[in-house]
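Each residue of the sequence shown is one higher than the one before, counting from 6 in my numbering. So the structure is just underneath, and the comments pick up after that.
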Amino acid sequence: MKNVIFITSRLDEKHGGLTASLLNKVRILNENKNLISTILTFHAASEFNQVKSTIMQRYNLYKKVKIYNINEFFRSRCLTAPEKKYDINTEIYTPVKVNDTKYEYYHLGVKVLEIFYRNRQIKEVRHFNQSNVCFQKDVIDNDGYLYWRSYYLNSQLSRQIFFRRDLTPFLTREFDAINKSDKIKSLVLFEKETIRFNTFNDFKAYFINFFIEKPITYLVGEARSIDPVILNIKDECIRKIFMTHSIHIRPGTDIIRAGNRHVLSHLNDIDALVLLTNKQKEDIDRRFGVRSNYYVIPHSIKIPTITEKREQNKVVIISRLHKEKRIDHSIKAFAQVINKIPDAKLHIYGEGEEKENLQKLINKMGLQNNIKLKGYSQQVNKILQSADCSLLTSQYEGFALAVQESIANGTPVIAYDIDYGPSDMITDGVNGYLVEKNNIDKLSHSIIKYLKKTTKEKKIYSTAAINKARQFSNEQFSNNWFFLFDSIKKKSPNMNPIITFFNINRSKFNKHKYYLNLQIRLNKEINRVPLFKASFLHKSTLINREKTKIDFIEPHTIRQNNNCFTLKFIFDIRQFKKHETYLTSIIIQDHDQYFDLPITINNYELDTKSLSFKKCKVLINTEHNTLQFEL
Numbered sequence: 006m007k008n009v010i011f012i013t014s015r016l017d018e019k020h021g022g023l024t025a026s027l028l029n030k031v032r033i034l035n036e037n038k039n040l041i042s043t044i045l046t047f048h049a050a051s052e053f054n055q056v057k058s059t060i061m062q063r064y065n066l067y068k069k070v071k072i073y074n075i076n077e078f079f080r081s082r083c084l085t086a087p088e089k090k091y092d093i094n095t096e097i098y099t100p101v102k103v104n105d106t107k108y109e110y111y112h113l114g115v116k117v118l119e120i121f122y123r124n125r126q127i128k129e130v131r132h133f134n135q136s137n138v139c140f141q142k143d144v145i146d147n148d149g150y151l152y153w154r155s156y157y158l159n160s161q162l163s164r165q166i167f168f169r170r171d172l173t174p175f176l177t178r179e180f181d182a183i184n185k186s187d188k189i190k191s192l193v194l195f196e197k198e199t200i201r202f203n204t205f206n207d208f209k210a211y212f213i214n215f216f217i218e219k220p221i222t223y224l225v226g227e228a229r230s231i232d233p234v235i236l237n238i239k240d241e242c243i244r245k246i247f248m249t250h251s252i253h254i255r256p257g258t259d260i261i262r263a264g265n266r267h268v269l270s271h272l273n274d275i276d277a278l279v280l281l282t283n284k285q286k287e288d289i290d291r292r293f294g295v296r297s298n299y300y301v302i303p304h305s306i307k308i309p310t311i312t313e314k315r316e317q318n319k320v321v322i323i324s325r326l327h328k329e330k331r332i333d334h335s336i337k338a339f340a341q342v343i344n345k346i347p348d349a350k351l352h353i354y355g356e357g358e359e360k361e362n363l364q365k366l367i368n369k370m371g372l373q374n375n376i377k378l379k380g381y382s383q384q385v386n387k388i389l390q391s392a393d394c395s396l397l398t399s400q401y402e403g404f405a406l407a408v409q410e411s412i413a414n415g416t417p418v419i420a421y422d423i424d425y426g427p428s429d430m431i432t433d434g435v436n437g438y439l440v441e442k443n444n445i446d447k448l449s450h451s452i453i454k455y456l457k458k459t460t461k462e463k464k465i466y467s468t469a470a471i472n473k474a475r476q477f478s479n480e481q482f483s484n485n486w487f488f489l490f491d492s493i494k495k496k497s498p499n500m501n502p503i504i505t506f507f508n509i510n511r512s513k514f515n516k517h518k519y520y521l522n523l524q525i526r527l528n529k530e531i532n533r534v535p536l537f538k539a540s541f542l543h544k545s546t547l548i549n550r551e552k553t554k555i556d557f558i559e560p561h562t563i564r565q566n567n568n569c570f571t572l573k574f575i576f577d578i579r580q581f582k583k584h585e586t587y588l589t590s591i592i593i594q595d596h597d598q599y600f601d602l603p604i605t606i607n608n609y610e611l612d613t614k615s616l617s618f619k620k621c622k623v624l625i626n627t628e629h630n631t632l633q634f635e636l
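As structure tokens, then:
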């Protein structure tokens, strides 16, 4: 049986799509492959056991997954005395009822306590000093036991002590209260052996190690905050897998999102990167190099039974009403639709911060009779089945679950061709339309075009939508994950290549040609020749990585031994664009590893003056000591 551990930051009763996808994943893998996996979490939650029970029931997970929390795990160990429930003596204080869940307690006119109740049980007790400043807070679990006690310095959290049910402490967390920081400075774990940790991440790694088993344990990082922890665990029997749930580029920029940088800057040190769409994989290939350990595993979906009759000219949106969803684009486009199809209607389902602004826009454009904000609904399948088509006009998506749900219900989708998701599920003109992003006129044109189709034509689109959705079955989803597990059983050591020798000469007979020779050494012996390329990056295109231009030269490769290779190639300036500076590097690609090594002139003497002439200057970047050509 495979030992698969999914690692996330927290598990809440009310949770978003990331947690939902994880919980559905472990259920599907159990039902299709009999895998009993493990989920690890790290948040402090006094109601964790109750939340876990609720989630296990909601997602039908009993006997299908094991869920552990770092605090509950250590809290249940090393009990040395009888259990003792929390008790506080308030007899000498004067109680003042604030409301049904909060009481204040006074002594000689000074407030000394605030006690909060839930279901008539004490949940939290706050202690106050003479200056009415809270200096201590006690948190009690649902069974009436003290869970943790927080201490404050000038209202800033300074220390937390976590308790077992026998009232013995099992963990202390120290905070940098003097500098008004909520960052944990250190932790001390009190068990048979007392252990001090310098960082919370060190403590997390210690916890994870309890679940690592030979011969192979698969660690799947589900939350970006956990990535550094997994990356730093050193154990030959683990395989490190990282799940991508969203875009890796900051919207509207070419900047890698901070949370994604840990993994994307260590791609040679991981065993697998899981992506939701082919389009995102293509972007990762382009930015970080082609590797064999990128796996596209989209979310799965079950095809529902069609029970509703479609209403002609009805269009729907199911979405959070947030700015990045750009529902206003759909409203503006629909104003043009109504001019051509007066009885067309757009029903928008969802809640969010933009609801009031969207209603104002509808009113301002006089569209109240055709466009309705319908609020949140759990009847997703009924809503989609009742519509001719659905819309998606987001700025970006990690996968676009709304598209998948729509096509599974046989409802074609008209969507902006954004990153990422729509193009993986919509075949333009077959089961919907892909529209140039931000083009409201083209969006309205596509809606009109579809609504004007005959019933027979719409039926063809609907059938095509369901057929496309069948590609995302639970069975295929499970097969994809197990293919990944089997593919990375054998661990590939990092090559860590270095350039050990370099020289460059200009032809005596043809001054336009430069002859470059390099020697590359790997830190492991391999029985094959990696793919080598000489890379010449156009410096002027560095501003936007989406449009970066690179020219490649295939070198002549000579194997010296199993870990040393000589590369020879010719840089002919006549083959390159003029008025450009070229940054040089060597690309090395071998299965799951990809390296882009700048050609550096560290220990080699280079007479750039004699190598240069009117049409080409040979340069050395003074900051990085790298070779460049300026034409």
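Ideal Cβ positions, reconstructed from N, Cα and C, are used throughout, including at glycine.
#1: Give the DSSP-derived three-state secondary structure of leucine 176 in the structure shown.
#2: If contacts are defined as beta-carbon pairs under 8 Å, then glycine 380 and tyrosine 354 qualify, I think. What distance do you get, rounded to the angstrom?
#3: For my contact list, leucine 34 and serine 483 are in at a C-beta cut-off of 8 Å; report their separation, rounded to the angstrom.
#4: Considering only the alpha carbon of each residue, which of Ile44, Lys219, Leu366 lies closest to isoleucine 75?
#5: Would proline 502 be called buried (16 or more neighbouring beta carbons within 10 Å of its own) or exposed?
#6: Drop a sphere of 10 angstroms on the beta-carbon of leucine 151, count the other beta-carbons inside from all chains shown, and report buried for 16 or more, exposed for fewer.
#7: Just mark leucine 84 as buried or exposed, buried being the case when its beta carbon has 16 or more other beta carbons within 10 Å.
#8: Can you tell me which residues form a DSSP beta bridge with proline 100?
#9: When you compare each of Lys614, His352, Lys620, Ile604 to glutamine 633 by their alpha carbons, which one comes out closest?
#10: So, does the region 451-467 touch the region 279-286, judging by three or more C-beta pairs under 8 Å?
#11: For my contact list, valine 321 and leucine 389 are in at a C-beta cut-off of 8 Å; report their separation, rounded to the angstrom.
#12: Can you list, in chain order, the residues of its chain with a C-beta nearer than 6 Å to that of lysine 319? Leave out the 5 residues immediately preceding and following it.
#13: Assuming isoleucine 306 and glutamate 410 are in contact, meaning their beta carbons sit under 8 Å apart, how far apart are those beta carbons, in whole angstroms?
#14: Grab the span of the alpha helix (DSSP H) containing threonine 24 for me, first residue to last.
#15: Grab me the residues of leucine 269's own chain with a C-beta within less than 7 Å of its C-beta, minus the 5 sequence neighbours each way, in chain order.
#16: Under 6 Å Cβ to Cβ from isoleucine 250, same chain only, skipping five residues before and after it: list those, please.
#17: To the nearest angstrom, report how far apart asparagine 147 and asparagine 203 are at their CA atoms.
#18: Assuming the contact rule is C-beta atoms closer than 8 Å, isoleucine 504 and leucine 523 should be a hit. Round their C-beta distance to whole Å, please.
#19: Step through the CB atoms of chain B and report whether any lies within less than 8 Å of the CB of glutamine 594.
#20: Would you call the CB atoms of isoleucine 213 and isoleucine 346 closer than 8 Å?
#21: Short of 8 Å in beta carbon distance, which residues of its chain neighbour asparagine 607, apart from the five on each side in sequence? Order them along the chain.
#22: Could you round the C-beta distance between glutamine 400 and arginine 315 to whole angstroms and report it? I think they count as a contact, below 8 Å.
#23: CB of isoleucine 604 to nearest heavy atom of the ligand FMN: below 7 Å?
#24: Can you list, in chain order, the residues of its chain with a C-beta nearer than 7 Å to that of lysine 38? Leave out the 5 residues immediately preceding and following it.
#25: Between aspartate 597 and serine 297, is the Cβ-Cβ spacing less than 8 Å?
#26: Does the Cβ of asparagine 8 have 16 or more other Cβ atoms within 10 Å, making it buried, or fewer, making it exposed?
#27: Can you tell me whether glutamine 341 is helix, strand or coil according to DSSP?
#28: What runs of the alpha helix (DSSP H), each 4 residues or longer, lie entirely inside the region 394-423?
#29: With distances taken from CA atoms, which of Glu628, Leu572, Ser590, Lys529 is nearest leucine 542?
#30: Whole-angstrom Cβ separation of glutamate 356 and leucine 326, contact assumed at under 8 Å?
Result, derived from the coordinates:
#1: Residue 176 sits at position 171 when you count from the first residue of the sequence shown. Leucine 176: strand per DSSP, three-state reduction.
#2: For the purposes of this step, residue 380 is taken as the residue at position 375 of the sequence shown. For the purposes of this step, residue 354 is taken as the residue at position 349 of the sequence shown. About 7 Å separates the beta carbons of glycine 380 and tyrosine 354, which is inside the 8 Å limit, making them a contact pair.
#3: By 1-based counting over the sequence shown, the position of residue 34 is 29. By 1-based counting over the sequence shown, the position of residue 483 is 478. That belief holds up - the Cβ atoms of leucine 34 and serine 483 are roughly 6 Å apart, short of 8 Å.
#4: Within the sequence shown, the letter at position 70 stands for residue 75. Ranking Ile44, Lys219, Leu366 by CA distance to the CA of isoleucine 75 puts Ile44 first.
#5: By one-based count along the sequence shown, residue 502 stands at place 497. By the Cβ-count criterion, proline 502 is buried, with 16 or more other Cβ atoms from all chains shown falling within 10 Å of its own Cβ.
#6: Locating residue 151 in the sequence shown gives position 146, counting from the first residue. By the 10 Å Cβ count, leucine 151 comes out buried.
#7: Taking the sequence shown and counting its residues from 1, the one referred to as residue 84 is at position 79. Label assigned to leucine 84: exposed.
#8: By one-based count along the sequence shown, residue 100 stands at place 95. Answer is Tyr110, bridged to proline 100.
#9: Working through the sequence shown from its first residue, we reach residue 633 at position 628. The shortest CA-to-CA distance from glutamine 633 to any of Lys614, His352, Lys620, Ile604 is the one to Ile604.
#10: The region 279-286 and the region 451-467 do not touch, with fewer than three beta-carbon pairs separated by less than 8 Å.
#11: Residue mapping note: residue 321 aligns to position 316 of the sequence shown, counting from 1. Residue mapping note: residue 389 aligns to position 384 of the sequence shown, counting from 1. That pair is a contact at about 7 Å.
#12: To locate residue 319, count along the sequence shown from 1; it is residue 314. Closer than 6 Å at Cβ, skipping near neighbours: Lys350, Ala392, Asp393.
#13: Here residue 306 refers to the residue found at position 301 when the sequence shown is read from its first residue. Here residue 410 refers to the residue found at position 405 when the sequence shown is read from its first residue. Rounded, the Cβ-Cβ distance is 7 Å, consistent with contact.
#14: Walking along the sequence shown from the start, residue 24 turns up at place 19. From DSSP, the alpha helix (DSSP H) with threonine 24 extends over 22-38.
#15: Position 264 of the sequence shown, counting from 1, holds the residue named residue 269. For leucine 269, where only same-chain residues beyond five positions count, the Cβ hits under 7 Å are His253, Ile261, Phe293.
#16: Position 245 of the sequence shown, counted from the first residue, corresponds to residue 250. The residue you asked about is not isoleucine; residue 250 is histidine in the sequence shown. Take histidine 250, set aside five residues on each side of it, and the residues of its chain with a beta-carbon closer than 6 Å to its own are Leu23, Gly403, in chain order.
#17: Taking the sequence shown and counting its residues from 1, the one referred to as residue 147 is at position 142. Taking the sequence shown and counting its residues from 1, the one referred to as residue 203 is at position 198. A straight line joining the alpha-carbon of asparagine 147 with that of asparagine 203 spans about 31 Å.
#18: Looking up residue 504 in the sequence shown gives position 499. Looking up residue 523 in the sequence shown gives position 518. About 6 Å separates the beta carbons of isoleucine 504 and leucine 523, which is inside the 8 Å limit, making them a contact pair.
#19: As a matter of chain content, chain B is missing from the structure shown, which is built from one protein chain.
#20: Counting from one through the sequence shown, the residue named residue 213 turns up at place 208. Counting from one through the sequence shown, the residue named residue 346 turns up at place 341. No, these two residues do not count as a Cβ contact at 8 Å.
#21: If you number the sequence shown from 1, residue 607 lands on position 602. Asn630.
#22: Taking the first residue of the sequence shown as position 1, residue 400 is located at position 395. Taking the first residue of the sequence shown as position 1, residue 315 is located at position 310. Rounded to whole angstroms, the Cβ separation of glutamine 400 and arginine 315 is 29 Å, and the two are not in contact under 8 Å.
#23: The ligand FMN is not part of this structure, which contains no ligands at all.
#24: In the sequence shown, the residue the question calls residue 38 occupies position 33. Around lysine 38: Ser483, Phe487.
#25: Counting from 1 along the sequence shown, the entry for residue 597 is found at position 592. Counting from 1 along the sequence shown, the entry for residue 297 is found at position 292. In this structure, serine 297 lies closer than 8 Å to aspartate 597 by Cβ.
#26: Along the sequence shown, one-based indexing puts residue 8 at 3. Answer is buried; the Cβ neighbour count reaches 16.
#27: The sequence position of residue 341 within the sequence shown is 336, counting from 1. It is helical.
#28: For the region 394-423, whole alpha helix (DSSP H) runs of length 4 or above, ordered along the chain, are 406-413.
#29: Position 537 of the sequence shown, counting from 1, holds the residue named residue 542. Nearest Cα to leucine 542 within the set Glu628, Leu572, Ser590, Lys529: Ser590.
#30: As a position in the sequence shown, residue 356 is number 351, starting the count at 1. As a position in the sequence shown, residue 326 is number 321, starting the count at 1. Yes, glutamate 356 and leucine 326 are in contact; Cβ-Cβ is about 6 Å, under 8 Å.
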